[in-house]
Amino acid sequence: MRFASALSEAEAFTTATQEVLEQLASQIKPPVDLVVMFATNGHTEHIEKIHKQINEALSPSVSLGVTVGGVIGRQREVEETPGLSVMAASMPGVTLCPLGYEQIDWQAVADAPEALRDAVYPDGDPLKAIILLADPFSTPMLSALPTMNLAWPGVPIVGGMASAATKPGTNRLLINGRVLDEGAVGVLIAGPVDIACTISQGCRPIGEPYVITKSHRHIVYELGGHNALQAIEDMGKNLEEEDRRLIQTRGLMVGRVINEYKERFGRGDFLIRHLLAADQETGYIAINDPQVRTGQTIQFHVHDQKTAQEDFKLLLEAQKLHGSACGAMLFSCNGRGTHLFDKPHIDASIVHEALGDVPVSGFFAAGEIGPVGDQNFLHGHTASLIVFREAAK
Numbered sequence: 005m006r007f008a009s010a011l012s013e014a015e016a017f018t019t020a021t022q023e024v025l026e027q028l029a030s031q032i033k034p035p036v037d038l039v040v041m042f043a044t045n046g047h048t049e050h051i052e053k054i055h056k057q058i059n060e061a062l063s064p065s066v067s068l069g070v071t072v073g074g075v076i077g078r079q080r081e082v083e084e085t086p087g088l089s090v091m092a093a094s095m096p097g098v099t100l101c102p103l104g105y106e107q108i109d110w111q112a113v114a115d116a117p118e119a120l121r122d123a124v125y126p127d128g129d130p131l132k133a134i135i136l137l138a139d140p141f142s143t144p145m146l147s148a149l150p151t152m153n154l155a156w157p158g159v160p161i162v163g164g165m166a167s168a169a170t171k172p173g174t175n176r177l178l179i180n181g182r183v184l185d186e187g188a189v190g191v192l193i194a195g196p197v198d199i200a201c202t203i204s205q206g207c208r209p210i211g212e213p214y215v216i217t218k219s220h221r222h223i224v225y226e227l228g229g230h231n232a233l234q235a236i237e238d239m240g241k242n243l244e245e246e247d248r249r250l251i252q253t254r255g256l257m258v259g260r261v262i263n264e265y266k267e268r269f270g271r272g273d274f275l276i277r278h279l280l281a282a283d284q285e286t287g288y289i290a291i292n293d294p295q296v297r298t299g300q301t302i303q304f305h306v307h308d309q310k311t312a313q314e315d316f317k318l319l320l321e322a323q324k325l326h327g328s329a330c331g332a333m334l335f336s337c338n339g340r341g342t343h344l345f346d347k348p349h350i351d352a353s354i355v356h357e358a359l360g361d362v363p364v365s366g367f368f369a370a371g372e373i374g375p376v377g378d379q380n381f382l383h384g385h386t387a388s389l390i391v392f393r394e395a396a397k
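Counting with the numbering used here, you get residues 5 to 397 for the letters of the sequence shown.
Structure (structure tokens):
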């Protein structure tokens, strides 16, 4: 198995395309099995030509792409300026099944996930992962992802939302030579390949876990049998000054435990969401999570650049145990990068530190897709990484 990545910051699309093809030619030979490309909005006008030239040069079995706000490569992140990042892979024996959003009647499969499975990938080797790129204006991810979770239970879905546009119809999605302005594209991966995912939501737990003892929808009335807001205030009294400062300056995040059967909860066990509001008079709190229920366990979290780096590094320690990687794709929130960190290239550098000098490609997304536990979610403030390795023999 062989991966290659390339990145160009050239403003002219002809130069950018030529540069990435030259970089790829030194690493991999056509035909390849998979090509995934990410182009900033400065290249949107010429995206069809870029897509065509790359496909003609590499002859991929499956090619995907999306227009984005910024791109990521090996130890590099390009923000606010032109960028083109491309990943190419030769994966002998691996099955790649392209997925186009428009080929599915999503209303029909919403209550029948087996219909989605039968329509897209009815049989064959068990899936190892799905890469998914979607337009945020036209793709109802909050309903589509749960359906996909039911159709392919336990299969990680990793990717991100197009981030080049600020209004509907102006993002571009690419699949096998076609250019779309809505929906989603992806690829289902099966066969002899080892895939590992790391989802860093950039937060650190504080205080102790609480069981929700009274709630209605996303409104929590009681934690551990006590007034919810009072529980937060009591927790704050026992926090260090730095944590209290982070709550005051950056707000409080809420982590909901995904697997309640675990005895202890740590990083990676929580789905992180915003604390939307608190009512001083009633003591109620509102969480930006429609799946909050009485009986669930939550823990409060803080978020800042130091915590985000620490969280990603700690979670990637597990990747070091799996041996050499062939390649990786990184989907980072467009609120990270230099919008969060005081230096550029932080996430890309953390990946390089953990995996070594392997091909990396990715982009800054308007929402990141990745698993927590055995379920897949749409995230914010997150770095979502998928790593490819040779299948264990």
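C-beta: ideal position from N, C-alpha, C; glycine also.
8 Å or more divides the Cβ of Cys337 from the Cβ of Ala358. Counting the other CB atoms within 10 Å of its CB gives Leu136 a total of 16 or more, which places it among the buried residues.
When secondary structure is reduced to three states using DSSP, Thr386 falls in the coil class, being assigned neither helix nor strand. Non-local beta-carbon contacts of Leu62 in its own chain, meaning distances under 6 Å to residues more than five positions away in sequence, involve Pro34, Val36, Val39 and Ala92 in chain order. Boundaries of the beta strand (DSSP E) around Ser365: Val364 to Ala369. Val197 and Ile289 have their C-alpha atoms roughly 44 Å apart. In the three-state DSSP reduction, Asn231 falls in the strand class (E or B).
Judged by beta-carbon spacing, Ser328 lies beyond the 8 Å limit of Gly77, meaning their Cβ atoms are not closer than that value. Sequence-distant Cβ neighbours of Gln323 in its own chain, meaning closer than 7 Å and more than five residues away, are Ala200, Thr202, Ala358, Leu359 and Val391. In the DSSP annotation of this structure, Gln303 is not part of any alpha helix (DSSP H); the continuous beta strand (DSSP E) holding it starts and ends at Thr301 to His307. Just measuring C-alpha positions, the residue of Asp109, Cys101, Asp139 and Ala112 sitting nearest Pro130 is Cys101. Here the region 382 to 389 makes no contact with the region 229 to 239; the two share fewer than three CB pairs at distances below 8 Å. Residue state for Phe269 is assigned as coil, using DSSP reduced to three classes. The Cβ atoms of Val162 and Leu68 do not sit closer than 8 Å to each other.
Only residues of its own chain outside the window of five on either side were considered, and among them Ala119 have a CB closer than 7 Å to the CB of Ala112, listed in chain order. In this structure the region 301 to 314 touches the region 254 to 268; the number of beta carbon pairs closer than 8 Å is three or more.
Note on geometry: alpha-carbon atoms of Gly339 and Ile350 lie some 13 Å from one another.
Closest by C-alpha distance to Glu394, out of Ala352, Leu11, Gly331 and Val355, is Gly331. Glu81 and Pro348 do touch by the CB rule: their CB atoms are close to 6 Å apart, below 8 Å. The continuous alpha helix (DSSP H) containing Val124 extends over residues Pro117 to Val124.
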